[in-house]
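Colleague: Before we start, here is the structure in question, set down as structure tokens.
2 protein chains.
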Amino acid sequence: MNTPELGKLQLSVLMAVATLDDEAYGLGVRREVSEVRGREYSVGAIYTTLSRLEEKGLLESWETPPRPERGGRSRRQYELTAAGRTALREARRVAARLWDLEPGVGPA
Amino acid sequence: MNTPELGKLQLSVLMAVATLDDEAYGLGVRREVSEVRGREYSVGAIYTTLSRLEEKGLLESWETPPRPERGGRSRRQYELTAAGRTALREARRVAARLWDLEPGVGPA
DNA sequence: CCCATTTGTTCTACGTTGTATAACCATGAA
DNA sequence: TTCATGGTTATACAACGTAGAACAAATGGG
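Quick note, the sequences are listed as chains F and D, same order.
Anchor point for the first sequence: position 71 equals 71 in the numbering used here, and the numbering is continuous, going up by one each time.
To convert, count from 1 in the second sequence and add 1000; that's the numbering used here.
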């Protein structure tokens, strides 16, 4: 199976997971994506995208134990699979050619 | 009305129109987009996208006179509107931040 | 002439993404 | 025991991506 093409939100979400490390869970991703894209995203937008990416095998997730703070329940934590990293590199390559930009460093 | 967000094909098509100048008609755009994205696009994909962009007011079009070559019939020629140029600049800005790349020159 | 061929556009249909809202769940504080 | 907080799931629909077939106009060769 060759690397799937990604929509723009999918891309942003994948990148967010790549950068966020232990903050890579639903609402954390939401904050990051909203910041990078310069507009607020609804929770639904983010969660649906996360699970679609997981279905495609670009992400994997697990439950964390509940957190000790006020209301801090358990989180669904995400992480890139090998396929996810490949897809990101690929997307970056395409973007660079598309925009005729220098590759730079970035999270991928 | 603030500048609309664009899908990835819409973006490629808009960019193609921006760069192609007098070759900015259906099949010309198709060639360009296919080359940049590294895969063949169907005619339907391109034409639908072109008209959606026109509906949004990012492109405008007109009929050219028939061309003198074999089978050369008239073309529907496209050109960016002011809103189209703005949308491209905007998209470029977002992409640069998203990928953390240097802005570069580009067609916009 | 007229028709096969070339260049080009429109129509139609459907799967995938984008996106919002509401509902639901768990936990600690009051 | 209820409420605010932090978190996730469910559901629904509009917009975008994409393909394929049908259609239209021009022209050169028999």
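Idealized CB from N, CA, C, for every residue including glycine.
Predicted model only: the values in this text are computed from it and were never measured.
1) Measure how close the beta-carbons of D/Leu1014 and D/Leu1098 come, nearest whole angstrom, since I'm counting them as under 8 Å.
2) Flag this pair as yes or no: are the beta carbons of F/Val43 and F/Val29 separated by less than 8 Å?
3) From F/Gly57 to F/Arg76, what does the alpha carbon distance come to, in whole angstroms?
4) Going by DSSP in three states, F/Tyr41 sits in which element: helix, strand or coil?
5) Sort F/Gln10, F/Asp21, F/Glu5 by Cα distance to F/Tyr78 and report the nearest one.
6) Just mark D/Ser1074 as buried or exposed, buried being the case when its beta carbon has 16 or more other beta carbons within 10 Å.
7) From D/Arg1085 to F/Gly38, what does the alpha carbon distance come to, in whole angstroms?
8) Quick one: using the 10 Å Cβ neighbour count with 16 as the cut-off for buried, is D/Thr1049 buried or exposed?
9) Taking 8 Å as the limit between beta carbons, can you name the residues of its chain near F/Gly26, skipping five residues before and five after?
10) If you reduce the DSSP assignment to three classes, tell me which class D/Leu1059 lands in.
11) Counting contacts by CB-CB distance shorter than 8 Å, is D/Trp1099 in contact with chain F?
12) Since F/Arg93 is in the alpha helix (DSSP H), which residue starts that stretch and which ends it?
13) Who are the near neighbours of F/Glu55 in its chain, counting only those whose CB is closer than 8 Å to its CB and skipping five residues on each side?
14) Rounded to whole angstroms, what is the Cα-Cα separation between D/Ser1034 and D/Leu1011?
15) Roughly how many whole angstroms lie between the Cα atoms of F/Ala24 and F/Leu59?
16) Report all residues from its chain with a CB closer than 7 Å to the CB of D/Ala1091; omit the five preceding and five following residues, and keep chain order.
17) Using a Cβ cut-off of 8 Å, which residues of the segment 31 to 55 of chain F contact any Cβ in chain D, in chain order?
18) As a quick exercise: from F/Lys8, F/Pro4, F/Ser61, pick the residue whose alpha carbon is nearest that of F/Leu80.
19) Could you check where the alpha helix (DSSP H) with F/Ala16 kicks off and where it finishes?
Modeller: Once the coordinates are examined:
1) In fact, because the Cβ distance is near 17 Å, the residues do not count as touching under 8 Å.
2) no
3) 16 Å
4) coil
5) F/Asp21
6) Classification of D/Ser1074: exposed, given that the 10 Å Cβ count is below 16.
7) 20 Å
8) buried
9) Val43, Ile46, Tyr47, Leu50, Arg75, Arg76
10) strand
11) yes
12) 82 to 99
13) none
14) 13 Å
15) 11 Å
16) Leu1006, Leu1011
17) Val36, Arg37, Gly38
18) That would be F/Ser61, whose Cα lies nearest to the Cα of F/Leu80.
19) If you look at F/Ala16, you'll find it in the alpha helix (DSSP H) that goes 8 to 20.
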